[in-house]
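Visitor:
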Amino acid sequence: MLLLPLVMFAQQTVKGKVTEAAGGTALPGVGVIIKGTTIGAATDFDGNYILEKVKPTDVLVFSYVGFNTQSVTVGNNTTINIILTESAESLDEVVIIGYGTTTVKDATGSVAAVTAKDFNKGNIVTPASLIQGRVAGVDIVSDGAPGGGSTIRIRGGSSLGASNDPLIVIDGLPISNSTVGGSTSVLSSINPNDIESFSILKDASATAIYGSRASNGVIIITTKKGKQDFQVDVNIKTGYQTLADKIDLFSAAEFRDLIARRIEEGQTGISLAQLGNANTDWQDEIYQESFTSDNSISLSGAVLENLPARLSIGNTQQPGLRKTSKFERTSIALNLNPKFFKDALKVNFNVNASAEKNRFADGVEGTALLFDPTQPVYDPTSPFGGFFEYHTNGEPNNAPRNPVASLMQRKNTSVVERLFGNVEFDYKLFFLPELRAVVNLGYDRSQGDGSNTLSDQSINGYRPKINTPFLGSYSEYTSERKNSLLDSYLAYNKKFENVNIEVTGGYSYQKFEGEDFNTGNTIDPDAESDVNTHPDVVLIGFFGRTNLSFMDKYLLTLSYRRDGTSRFSEANRWGNFPAAALAWKINEEEFLKDSNTLSTLKLRLGWGITGQQDIPASYAYLGRHLTGDAVSQYIFGETAIVVGIPQSRFEAIKWEETTTYNAGLDFGFANDRITGSAEVYLKESKDLLANVAVADGSNFSNAGWQNIGKFTSKGVEFSLGADIVKTADVNWNMNYNINVNETEIDELALGQDLEVGGIAGGTGSRIQVHREGFAPYSYFVFKQLYDTAGNPIEGAYADINQDGISNLSDRYIYKKPNADITMGFQSAIDYRNFDLSFNLRASIGNYMYNNVNSDRAQYNDLQATTALGNAPTSVLESNFVETSNVLISDYFIENASFLKMDNLTFGYTFNKFQKDLSSIHVFGGVQNVFTITNYSGLDPEIYGGIDNTIYPRARTFLMGANIKF
Amino acid sequence: MKTKNIYKFYFFFGLLFILSACTDDLNVTPKDDDEFLSEAFYAKPTAYKQALAGIYGNLSLTGTTGSGSSNLQGIDAGTSQYVRTLWYLQDLAADEPIWSYENDEGGAVREIQRNTWGPSNTILLGFFSRAMFSVALTNDFLRQSSPEALEARGHTDVLGNDIKAYRAEARLLRALAYYNLMDLFGKAAFVTENDPVGTFQGPQYDRAQLFQFIESELIAIEGDLVAPRQNEYARADKAVAWTILAKIYLNAKVYIGVDKNTECITYSKKVIQSGYQLASNYSLNFLADNDSNEAGRNEIIFATVSDGVVTQNYGATTVIINGEVGSKEGNAAALGAQGWGGALRVRKQFANKFLGGAVPLTDKRNTLITSGRTADIVDVGDRDSGFIITKFKNVTSTGVPGSDPTFVDTDFPMFRLADVYLMFAEAVVRGGTGGTTGEAVAYVNLLRTRASSTLITSSNLNLDFLIDERSRELYWEGHRRQDLIRFGKFTGSTYNWAFKGGSPGGIALPGHFNVYPMPANNLAANPNLTQNPGY
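In order, the protein sequences belong to chains G and D.
So in this note's numbering, spot 146 of the first sequence is number 146, and the numbers just go up one at a time.
So in this note's numbering, spot 380 of the second sequence is number 1345, and the numbers just go up one at a time.
1) Give the C-beta separation of Gly1301/D and Asn1359/D to the nearest angstrom, bearing in mind that I take them to be a contact with Cβ-Cβ under 8 Å.
2) What are the boundary residues of the alpha helix (DSSP H) that includes Ile1184/D?
3) What are the partner residues of Phe1377/D, as DSSP defines its beta bridges?
4) Closest by CA to Ile1020/D, which one among Ala670/G, Asn440/G, Ile221/G, Gln633/G?
5) What are the residues in the region 673-700 of chain G lying within 9 Å of chain C by C-beta distance?
6) Identify each residue in the region 516-550 of chain G for which the Cβ-Cβ distance to at least one residue of chain D is less than 9 Å, and report them in chain order.
7) Assign Ile800/G to one of two classes, buried (16 or more other C-beta atoms within 10 Å of its C-beta) or exposed (fewer than that).
8) Excluding sequence positions up to five away, which residues of its chain have a Cβ less than 8 Å from the Cβ of Ala88/G?
9) Out of Arg649/G, Gly608/G, Tyr831/G, Lys585/G, point me to the one whose CA is closest to Lys202/G's CA.
10) Could you name the residues of chain D that His625/G contacts, counting a contact when the two beta carbons are closer than 7 Å?
11) Could you tell me whether any Cβ in chain G is nearer than 8 Å to the Cβ of Tyr1053/D?
12) Taking the alpha helix (DSSP H) that Ser205/G belongs to, which residues open and close that run?
13) Distance, Cα to Cα, Ser63/G vs Val30/G?
14) Thinking just about the alpha-carbon of each residue, which of Gly506/G, Leu454/G, Lys346/G, Lys465/G is nearest to the one in Asp1369/D?
15) I'd like the span of the beta strand (DSSP E) that includes Asp746/G, first residue to last.
16) So which residues of chain G does Arg1075/D contact, with C-beta pairs closer than 7 Å?
17) Any C-beta of chain D within less than 8 Å: which residues of the region 569-594 of chain G qualify?
18) Would you kindly work out how many angstroms separate the C-alpha atoms of Tyr1143/D and Glu1134/D, rounded to a whole number?
19) Can the beta-carbon of Asn853/G be found closer than 8 Å to that of Pro817/G?
20) Taking beta-carbon pairs under 8 Å, can you tell me which members of the region 1081-1103 of chain D lie near chain G?
21) Smallest Cα separation from Leu1146/D: which of Gly1499/D, Gly1346/D, Asn1317/D, Asn1487/D?
22) Applying the criterion that 16 or more other CB atoms from any shown protein chain within 10 Å of the CB defines a buried residue, is Pro616/G buried or exposed?
23) Taking any Cβ of chain G, which residues in the region 1282-1309 of chain D have a Cβ under 9 Å from it, in chain order?
24) Report yes if the CB atom of Leu1411/D is closer than 8 Å to the CB atom of Tyr1386/D, and no otherwise.
25) What does the Cβ neighbour count give for Pro872/G, buried or exposed, with the cut at 16 atoms within 10 Å?
26) Tell me the DSSP secondary structure of Ala88/G in three-state form.
27) Can you pull the chain D neighbours of Gln752/G, defined as C-beta to C-beta under 9 Å?
28) Can you give me, in chain order, the residues of the region 180-194 of chain G that have a beta carbon less than 7 Å from any beta carbon in chain D?
29) Give a yes or no on whether the minimum CB-CB distance between Lys465/G and chain D is below 8 Å.
30) Out of Tyr99/G, Pro469/G, Leu84/G, state which residue places its alpha-carbon closest to the alpha-carbon of Asp171/G.
31) So, at 8 Å on beta carbons, what are the nonlocal neighbours of Arg1312/D in its own chain, with the 5 sequence-adjacent residues on each side left out?
32) By alpha-carbon positions, which one of Asp281/G, Ser698/G, Arg436/G ends up nearest to Ala343/G?
33) How big is the Cα-Cα spacing for Pro952/G and Glu389/G?
34) Do you know whose CA, among Tyr935/G, Phe838/G, Leu682/G, lies nearest Tyr736/G's CA?
35) Per DSSP, what are the beta-bridge partners of Gln863/G in this structure?
36) In terms of residue numbering, what span does the beta strand (DSSP E) encompassing Met848/G cover?
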């Protein structure tokens, strides 16, 4: 018995050298593993490896990132030299498109793929940050709040009033853009570490298969799947968050001087007696520096012998910059990918469960800017929990409220549990193997529970009458969103001699449900709770697509979708969305086939029509009545009557349609060491859905959701990726992308202006306008007049309409918030085991309305009702006195072009750590490294172009490790 | 095995077909407990009163979900309240109040109170749309409560005669809206229950057409309206219709170029003879319990409701009372509202109506606070300058504060007997027949007596006296601009007040300012409407 192993399993030592096919150079660090085991080795710097105790039946697997994996059965060999060929991965890379896949090589539409290895590094809390700045024409503006969402715009959006958010599809399940109550954003519950790839479909020929929801582009997120080989991946990351910048205010000392000077200059309503003795920087007081952590572990491998599975657990702790705010997420993802019936039935099962815990902090930036810096944070004699407040014997004065107290005395927390996932059955029909039937069932449910407590010591609490004690406030809420999906389609793929045919046809059903419950303030006996049940939104689609490829040179894609939505009446609810695309792989032609210099050249032309129906109105076509809530009743005699109000009704409401034209040229030089593409596009939206005016008296509002006008978005995109240096020791690759985009409103119903863009500084004030012939959200302002010294003259504006009266009719259009040009640049350098990478992003031609200055930087703001108020120091430049004279001035429209370095990461990899195949990558870095801009406010990057204080973006110093074994 | 697989195949195809049948799911209906298909809403006979309350509610409420909600767009929700915008356009635009936060509505408030308005002013949009919303609500109610509709739902017998009064009241509220629009804009889109819902563009009615409609409509519904003082509080009766008629007749010269003072006297008399009485104390009209105290029972002809618990709104009385709280007086408790730091003050010319010697300072209608303040306002943003008043209060007649420190319980008295007395007197002075100077002097002296002020004689009773007396009695009640126009003092320079035309001293206004410009957005949405001359 003891001899048996020796006889049965003769063991030998195998050695060899691994080289690169192209240059023949040795490849260090290549993994050599005995298949089905964890035994293995890695090549040394000279590409040599040695493996002992190998059996002849063993299969050696040679793998190296960027090269095709090779397997060799040992047999009698003692020396096995291997030449690895580079995987032309960028071109053979599978790209997920709607209801199927393609490859970069065969894609006919404008599709950009970013996979895990290319994701942004650094402090990534929510998924969108992974690709910020990475794809031409995809603009992502993140939020500073912990776990906050991002605003994503692809090619400038295509709607005026309807949603401009792209459709996000996770593992085949289109998710809703409606955030459940208590959650920070729709993507916040997803652990970025679980994401394998993003596919961004930009033009209609690619997106039209999603028909009604594709006008703003589609982002397809694919989560990581189970693999046959066992692997454990551990990520540990910790960060230290700091405040990157503050708004320039008067310090306590400067403030004392300023007040004295202004009194001398004759300003009334302020006095030196109002000054306190403290020196408080209120911006410092409302913010905190804190540690963040992000840890995850994933196990991937085959369970039950051949069921590929992946399990991942992640936890993120992200305290916010604003005191008390916090985001915490724990997520579990499980993927099972079994196959049955001799692989005829493939099942893809993904489930993701997460719990998000939030503590929200009120936006107290405004009060922090205003609060007198000579007053203290704490006051031992204060009846308001020891916080300084302006009061007379406990009765509040009409004055600002202590922002630190506002933060510390409120506890606004939520727990959001989300379960989403899908199961996909992909069945290859036995009698016709070219035909597959696919059924995908998806489900997404979020449940938010929250409570909001205000201390009874707070000056902001509820009280039934003046001159009575404050009672605080307390409310609870629950919120639920459900989204269920059923997709089924048949896919036929057959290769004839010179022709490859792919036909897909199917059906999609999706339903969105939602409900919110709020108790109201339970301390207030008159407050009533209310359940708000959202109308269902149901979307049904029938779709078909044909991909034809002739001689692997000429590609044709035709797709068609017919979509129905519950938002429109039976007569208008169905929309037809066709698309066509042609591609010509020029490099496959004889005259280029053998060229290594120009290794890829593909011309793509696409056209398609997509739709839009995502508006807040769920059934504007129906005649409905709303009954008033408890505080909106009317009293007849002594009886309160619940009022019944008819709701505005637009029977003719129908699809908004966007026609997109796209032409692209993909190219690759030097065996695709340099690749890139150039694209031009034109998007024309008609029947724009917008909430616009209706003739008064005929409907139950003065405005409503109607189809009005036309909108154009056009632009050029260019992206370039290059392996600049590629040697055994040094690898340097970079990526650059640029998008030049222009959007314009071509037509609005009856040519009317729509005033938009609410601002601070007066109830109901607006600063932007939609007008024919201009970019949407253009600033609509007075033209400031200046004196001979170049100083603005307060309240003096050009009489634009020359009627001799200075009024709102003198406003003109000046600049717009959207950038003309956006750029992204990434660089990654590896030197031996060291790596260094950074990202840059630039935005040019975007303007900002500095609402912080327009609302606060005036001398009269030094009087904050009965107290003193601080102001931005920019008042010293403008010397403006009264806000109402200057609020709408173009003086406050500033160029907010910027260059940002989002991330800088430096790392080192220890190979063969502990075990031969294990590795540890340790890294350190900085998130939000620097911003170069002429914008005078805190941050030039604010979606919408109105800077009325923001949740600041932290600068985070990071370190962490990624361990694989 | 093979057959089994064929079944699987059929199963997949079968599934596809079953799914295709689900397109009926696209017909969704409301699921919330506050939202109904209209037919479902009217399934209950009680719905008619709820819908009627909705039309009345449009005078106070801005939406169905609290003070921050609005049925309208293009204007801040709270600011869009019917009586608040009316008050801005009638009082803030004239010589009485001034609003400190001039940048509200992007400076639209500044334009109103400095008389520099243009078509893009959102206060104008707000009132035009709010009044036209009343028209739309009435039209819908008339369609839904037609005899045929009631018959179809089997409600005819249940509702009996009540529905007649409901329908007449709805028509009165529509006439009230058109009266306000005629007064402010001189024109409006004319839409009735016979026009379709949706995007119908009503034809433009000018002042003459609107006048004729309002007059005939109010006379037509007179028989169906409840007798004076016999309806539930806050619901309109015959006397409200008569008061509106008296108003349009008194202003007929302005509206249609014809004097109708005799008709004014006729209808004023009908009101006066309906059993109304002045409350014993002037201030009772403006207190938190003015729905139920002596004034509410006897003097107020029509009021719009406000309530700190069930009818919360940022409407006229909430704004006035919170606005009255001084920047440095600490008089929040006395007014029963926490206040907004001195939002409202008065112009010097108004203060002089009491301080200039025409009446004793002890006239009970004088609620000015002058101590520590200057009469002149140089800088509108300086809330410590200018006198303030305390006429409206969120405190009851027994001194109990209202039910909420922000949303007041005080109703807005749109029409009250004192106004009708002064209208009667004015129509007599203007040469109308049917009333005597003696009666006119007696009515004015009833007001003077109540105010513990000096009495007048027939020699005092002239137009110059009446325009000032109307201000002393009715200030901040939403009449001032209309009165000044009728007296020829609004435009031109016969009477300049602080910030008239924009400058602190006041300058002349061009004649076309006697009507407001048609708001640009409303004009664009209905091409049948034309801009007023001069704008």
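Even glycine gets a Cβ: it sits at the ideal position worked out from N, Cα and C.
Guide: Judging by the given coordinates:
1) 3 Å
2) 1172-1186
3) Thr1269/D
4) Gln633/G
5) Given the protein chain composition of this structure (G and D), no chain C is represented.
6) Asp526, Asp530, Val531, Asn532, Thr533, His534, Pro535, Asp536, Val537, Val538, Leu539, Ile540, Phe542
7) exposed
8) At Ala88/G, the pLDDT of 48 sits below 50, so the modelled position is not reliable; the number obtained from the coordinates is stated separately. So the list reads Asp672, once near-sequence residues are dropped.
9) Gly608/G
10) Phe1001, Ser1003, Phe1006
11) no
12) 204-207
13) 6 Å
14) Lys465/G
15) 730-747
16) Ser884
17) Glu570, Arg573
18) 14 Å
19) no
20) Thr1081, Trp1082, Gly1083, Pro1084, Ser1085, Asn1086, Thr1087, Leu1090, Phe1093, Ser1094, Met1097, Phe1098, Val1100, Ala1101, Leu1102
21) Asn1487/D
22) exposed
23) Val1290, Ser1292, Lys1293, Gly1295, Ala1297, Ala1298, Gly1301, Ala1302, Gln1303, Gly1304, Trp1305, Gly1306, Gly1307
24) yes
25) buried
26) Residue confidence is low: Ala88/G scores 48 on pLDDT, short of 50, so the model does not pin down where it sits. No coordinate-derived value is stated.
27) Ala1485, Asn1486, Leu1488, Ala1489, Ala1490
28) none
29) yes
30) Tyr99/G
31) Asp1060, Glu1061, Pro1062, Ile1063, Ile1342, Gly1351, Trp1462, Ala1463, Phe1464
32) Note that residue 343/G is Asp in the sequence shown here, rather than Ala. Considering only alpha carbons, the answer is Arg436/G.
33) 25 Å
34) Phe838/G
35) Leu868/G
36) 847-850
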